[in-house]
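Numbering (our numbering), first residue to last: 1 to 208. In this text, a Cβ means the ideal position worked out from N, Cα and C, and glycines have one as well. None of these values were measured; they are calculated from a predicted model. These notes are about the structure you will find just below.
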Amino acid sequence: MRTIAIIPAYNEEKTIGNVVAAAKASSNIEAVYVVNDGSCDKTSQVAREAGAIVIELDSNRGKGAALQVGLQSTESEVILFLDADLVGLTTELIDALVLPVCRGEVDMTLGVFEGGRRSTDLAQKITPFLTGQRAIRRAVLQELPSMDDLGFGVEVALTRYVKSHGAVYIEVPLNGVSQVMKEEKFGLLDGFTRRLRMYWDIVRTLAQ
Numbered sequence: 001m002r003t004i005a006i007i008p009a010y011n012e013e014k015t016i017g018n019v020v021a022a023a024k025a026s027s028n029i030e031a032v033y034v035v036n037d038g039s040c041d042k043t044s045q046v047a048r049e050a051g052a053i054v055i056e057l058d059s060n061r062g063k064g065a066a067l068q069v070g071l072q073s074t075e076s077e078v079i080l081f082l083d084a085d086l087v088g089l090t091t092e093l094i095d096a097l098v099l100p101v102c103r104g105e106v107d108m109t110l111g112v113f114e115g116g117r118r119s120t121d122l123a124q125k126i127t128p129f130l131t132g133q134r135a136i137r138r139a140v141l142q143e144l145p146s147m148d149d150l151g152f153g154v155e156v157a158l159t160r161y162v163k164s165h166g167a168v169y170i171e172v173p174l175n176g177v178s179q180v181m182k183e184e185k186f187g188l189l190d191g192f193t194r195r196l197r198m199y200w201d202i203v204r205t206l207a208q
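Written as structure tokens, this is what we have:
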């Protein structure tokens, strides 16, 4: 099945290159789309240099909107969603995410961190449905409502939608993979504030 990767990114110049490179190196990925969500750093430049097709948003519209734009930009049969701030991602792990879907074994895979950083490993073990790493059949998403206003609640909405439609999914361990924490990216105060906003998006979506 034709598979493309969609990576929403906001000020991720330090990590986006390696994420794109890992996806580009997979023979199972036809193209990598990076949706630059209003970044003010070199995210777009680094992504292009790594081989991605970059879609520019003129303002920071949020993760859900960025994924929506990426999804509307392709008619690929299988979509691989990846976060832009991953550390330790390999091509082998990309294949582990997409192949079960491409082979028709499942409708969706959820990538769960293992053996990376204790904080990110623990968070994903408790709430694997929040992972941003997932491959999914496009056919499953045909009636998916718009994700524009979901922000960081988009993963909750995707998982709930798939479950409600009786789709089959599995968890795939992503050994050695972790994420850069918001406090590391933006500083302690700004990072914590952004984390609270992320939690609010998630809680708001759960309550719907």
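- Counting C-beta pairs closer than 8 Å gives fewer than three between the stretch 54 to 62 and the stretch 19 to 31, which falls short of the contact rule.
- Per the DSSP secondary-structure output, Y169 pairs in a beta bridge with M108.
- Here V101 is near R137, since their CB atoms are less than 8 Å apart.
- Under the three-state reduction of DSSP output, V177 falls in the coil class, being neither helix nor strand.
- As summarised for the stretch 18 to 71, the continuous alpha helix (DSSP H) elements at least 4 residues long and confined to that stretch are 43 to 49, given in chain order.
- Looking only at Q133, D107, S44 and T91, the smallest Cα-Cα distance to A22 is reached by T91.
- A distance below 8 Å separates the beta carbons of E171 and V112.
- By the Cβ neighbour-count rule, Q72 is exposed, with fewer than 16 other Cβ atoms within 10 Å of its own.
- T3: not part of any alpha helix (DSSP H); member of the beta strand (DSSP E) spanning T3 to A9, first to last residue.
- Beta bridge pairing from DSSP links I16 with no other residue.
- A135 sits in a strand when the DSSP states are folded into three classes.
- For L86, DSSP records a beta bridge to Q179.
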